[in-house]
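Report on the following structure.
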């Protein structure tokens, strides 16, 4: 009996397992475009996952009744006005351009179109062209107060390009204007942390710092800052005069030091020469003949005869003894 009871229990449990409904995992609804932007504003890599090539694999949201009616009406209008609608439905973008298409306010899957020809439905599709070429602009001259409290006027040039058209159209209202304002602000912030000497001598390092800061800030906008160059650094007129006077005084001081060092080396050389001549009396005679040769080469009638000091020495001896 125990065996039968256990077998019956096993059969019941197996039946319960077979008849139990399988619990499907709960399907998560895909977040909308606004939720993606607000939740991933600081993570451009996640936004690019939705806006890049992965949009082709994303499941489209079901169309509502009004959207379906509008799409059907647009297709019907295209068929009715078939010869004329071709001119309005087929668009062309150049090799350096991309087109971002919106259908009834929603981004169409497949990413940006181009280069070449693409098709849009009249009345319900809108598109925006984005230029992918490198754009350069001048940063307006900024009056900056350096770290050592010196006022300077600095202007720069920024080169940038759009590397993600969908992010450039959806994440920022006007990426060109925003990049220009950000470049001017970044220039003031970076130069405010440097001394005047660093601004004048470390332009390459300052440009690299500005490029890194701008590239990091414009990454969520789909903009790539390629290069930043400082054009000119203008100083106040009084400061220029003071720096010129300081440089002139430094050069004069350096010239005096160099002249004094030359005289010192010359006196040492004369002392060594006199010691050599003292060891050899004939050397003094040769030096005398060399001097006469130099004087005669200049067509001078004056002849100098040196008086040896050995002749005067005996006469100077009694005078020194008297003292």
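Numbering (this note's numbering), first residue to last: 436 to 758.
Think of the CB as a built atom: it goes at the ideal place given N, C-alpha and C, for glycine as much as any other residue.
Quick caveat: nothing in here was measured; it's all calculated off a predicted structure.
Going by the beta-carbon positions, is the gap between residue i and residue j smaller than 8 Å?
i, j, result
"residue 559", "residue 539", "yes"
"residue 722", "residue 712", "yes"
"residue 600", "residue 676", "no"
"residue 622", "residue 658", "no"
"residue 636", "residue 663", "no"
"residue 593", "residue 577", "no"
"residue 524", "residue 554", "yes"
"residue 583", "residue 631", "yes"
"residue 669", "residue 587", "yes"
"residue 620", "residue 653", "no"
"residue 617", "residue 649", "yes"
"residue 674", "residue 585", "yes"
"residue 610", "residue 661", "no"
"residue 570", "residue 549", "no"
"residue 692", "residue 656", "no"
"residue 537", "residue 516", "no"
Using DSSP with H/G/I as helix, E/B as strand and the rest coil, what is residue i?
i, result
"residue 454", "Because the pLDDT at residue 454 is just 38, under 50, the model does not fix this residue reliably, and the point stays unresolved."
"residue 552", "strand"
"residue 586", "strand"
"residue 578", "strand"
"residue 527", "strand"
"residue 609", "coil"
"residue 685", "helix"
"residue 544", "coil"
"residue 729", "helix"
"residue 423", "Within the shown structure, residues of the chain are numbered from 436 to 758, placing residue 423 beyond reach of any answer."
"residue 516", "coil"
"residue 697", "helix"
"residue 709", "helix"
"residue 702", "helix"
Give me, in chain order, the residues of the same chain whose beta-carbon lies closer than 7 Å to that of residue i; leave out the 5 immediate sequence neighbours on both sides.
i, result
"residue 509", "556, 557, 558, 559"
"residue 531", "566, 567, 568"
"residue 572", "593, 615"
"residue 638", "665"
Going by DSSP, name the residue or residues bridged to residue i.
i, result
"residue 565", "533"
"residue 594", "571, 662"
"residue 560", "538"
Would the beta-carbon of residue i be found less than 7 Å away from any heavy atom of the ligand MG?
i, result
"residue 729", "This structure simply doesn't include the ligand MG, nor any ligand for that matter."
Residues in its own chain within less than 6 Å of residue i by CB, not counting five upstream and five downstream?
i, result
"residue 563", "535, 604"
"residue 715", "none"
Using C-beta distances below 8 Å, list every residue in its chain close to residue i, excluding the 5 sequence neighbours before and after it, in chain order.
i, result
"residue 628", "582"
"residue 579", "586, 587, 588, 589, 622, 623, 626, 627"
"residue 382", "Past the edges of the chain, shown from 436 to 758, lies residue 382, and the structure says nothing about it."
*Tell me the start and end of each unbroken alpha helix (DSSP H) in the stretch 629 to 674 that is at least 4 residues and wholly inside, in chain order.*
Listed in chain order, they are 631 to 636, 638 to 653.
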